[in-house]
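Residue numbers (the working numbering): 111 to 434.
The beta carbon of each residue, even a glycine, is placed where N, CA and C say it ideally should be.
Predicted model only: the values in this text are computed from it and were never measured.
These notes concern the structure reproduced below.
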Ligand code: 1HN
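Here's what the structure looks like:
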């Protein structure tokens, strides 16, 4: 190296060193990582096996008193991320409640939905509406609405919680308030916050063909999604059939209402990854993965998903590859 080149390098090194103390950093060394040629989610496609998690939930129900846990939940945390991330943008957990227990009333800025997996006699009170829950029902807990859960009858109740918690890492404005007593005064009344599975399945089953998709929407205004960040869909796949392929900027958390099958993820270089699933499993699909579901069982497969589609669409960040 010529003396001038060495001198230049030394000068550069000194220049770089001088930046940090002034709270500045060069953009040009990191720019390509900030504007990559395709979305780069950090989440890894993952399956949470219900068969494996059910005994752990039961253990939590035996070992952890309701009074000690505001919510008895096993969080489904992505192996490539930290709690509360199931995907880069979404949180999912499995909640377990025993007969006679109460999950006390609170409200928070985060939005929540629940998809009921098993049990009868469980209910959620949302802002004065008492809703009994059955397998497959979806219950919404809109932002800042009081909610508590309870359980009548025999046996536990288990459901999937879906929240937009990871978004509050970037926008740290989530906070909560606890109600003065365990339960918020509630009545069994007509409500638009519950979606009965039998109505959703009926909508899926009237569609002709081997695949159908149902979009959950606001039941007071069907032009609106269920929340500003989180959306939800249900899908039907007939025996031996597969879903259309999708590749979107969307993050998905899937739940298997019923059926046996797998999801094929295809990367740009043609490599395939298979996520096998069966009844009640949960799995996630990070942003920009190309994927399709295949029914490998002997009964119709029904899948539920929640996603960040409403947020992406309202921020004009929703993109899809239509050439697949
Ligand atoms: C929450 O309020 C519930 O109400 C469940 O059942 C899970 C995870 C984080 C923050 C609030 C519920 C939650 C949650």
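Straight-line Cα distance separating residue 218 from residue 289
Whole-angstrom Cα-Cα distance: 11 Å.
Using the three-state DSSP reduction, which class does residue 205 fall into: helix, strand or coil?
In the three-state reduction of the DSSP assignment, residue 205 falls in the strand class.
Assuming residue 261 and residue 207 are in contact, meaning their beta carbons sit under 8 Å apart, how far apart are those beta carbons, in whole angstroms?
Residue 207 and residue 261 do touch by the CB rule: their CB atoms are close to 5 Å apart, below 8 Å.
What does a CB cutoff of less than 7 Å around residue 203 pick up in its chain, not counting 5 residues either side in sequence?
A distance below 7 Å between beta-carbons, with the five flanking residues on each side excluded, links residue 203 to the following residues of its chain, in chain order: 183, 184, 185, 186, 271.
Does the count of Cβ pairs from the stretch 388–404 and the stretch 346–357 closer than 8 Å reach three?
The stretch 388–404 vs the stretch 346–357: in contact.
What is the C-beta distance between residue 326 and residue 343, in whole angstroms, given that I count them as a contact (C-beta under 8 Å)?
Contact between residue 326 and residue 343 holds: their C-beta atoms lie close to 7 Å from each other, under 8 Å.
Confirm the yes/no value for this check: CB of residue 271, any heavy atom of the ligand 1HN, distance under 6 Å.
At least one heavy atom of the ligand 1HN is nearer than 6 Å to the Cβ of residue 271, so yes.
Taking 7 Å as the threshold (C-beta atoms), are residue 222 and residue 173 in contact?
Taking 7 Å as the cut-off, the beta carbon of residue 173 is found no closer than this to the beta carbon of residue 222.
Whole-angstrom distance between residue 112 and residue 277, CA atom to CA atom
Rounded to whole angstroms, residue 277 to residue 112 spans 52 Å at the Cα level.
Whole runs of the beta strand (DSSP E) within the stretch 294–378, excluding any shorter than 3 residues
Counting only runs of 3+ residues, the beta strand (DSSP E) found wholly inside the stretch 294–378 occupies 321–325, 341–347, 362–368, 371–376, in chain order.
Nearer than 6 Å: is that true of the beta carbon of residue 182 relative to any heavy atom of the ligand 1HN?
Residue 182 Cβ: outside cutoff for every heavy atom of the ligand 1HN.
Using DSSP bridges, identify the partner residues of residue 232.
DSSP, once it has assigned bridges, lists 243, 261 as partnering residue 232.
Which same chain residues, not among the five before or five after residue 415, have their C-beta less than 6 Å away from its C-beta?
Listed in chain order, the non-local C-beta contacts of residue 415 below 6 Å within the same chain comprise 343, 362, 364, local neighbours out to five positions each way being set aside.
Looking only at its chain, what residues have a beta carbon closer than 7 Å to the beta carbon of residue 323, apart from the 5 residues adjacent to it on each side?
Within the same chain, Cβ atoms closer than 7 Å to the Cβ of residue 323 are found at 343, 345, the five residues on either side in sequence being excluded.
Start and end of the beta strand (DSSP E) containing residue 156?
Here the beta strand (DSSP E) through residue 156 covers 156–158.
What is the DSSP secondary structure of residue 181, counted as helix, strand or coil?
In the structure shown, residue 181 sits in coil (DSSP, three-state: anything other than H, G, I, E or B).
Buried or exposed: which applies to residue 263, given that a residue is buried once 16 or more other Cβ atoms fall within 10 Å of its Cβ?
Per the 10 Å Cβ criterion, exposed.
Spatial neighbours of residue 329 within its chain, please: C-beta separation below 7 Å, excluding the five flanking residues on both sides.
Same-chain partners within the cutoff: 302.
Give a yes or no on whether the C-beta atoms belonging to residue 236 and residue 257 are separated by under 7 Å.
Against a cut-off of 7 Å, the Cβ pair of residue 257 and residue 236 comes out as a contact.
I need the DSSP call for residue 284, collapsed to helix, strand or coil.
Here residue 284 sits in coil by DSSP.
Is residue 229 near the ligand MG - that is, is its Cβ less than 6 Å away from at least one heavy atom of it?
Judged by which ligands are present, the ligand MG is missing from the structure shown, whose ligands are the ligand 1HN.
Taking the beta strand (DSSP E) that residue 273 belongs to, which residues open and close that run?
It spans 267–273 - the beta strand (DSSP E) in which residue 273 sits, taken as one unbroken run.
So if DSSP puts residue 186 in a beta bridge, which residue, or which two residues, is it bridged to?
DSSP, once it has assigned bridges, lists no residue as partnering residue 186.
Taking residue 247 and residue 307 to be in contact with their CB atoms under 8 Å, please state how far apart those CB atoms are, rounded to whole angstroms.
Between residue 247 and residue 307 a beta carbon distance of about 5 Å is seen, short of the 8 Å cut, so the two are scored as contacting.
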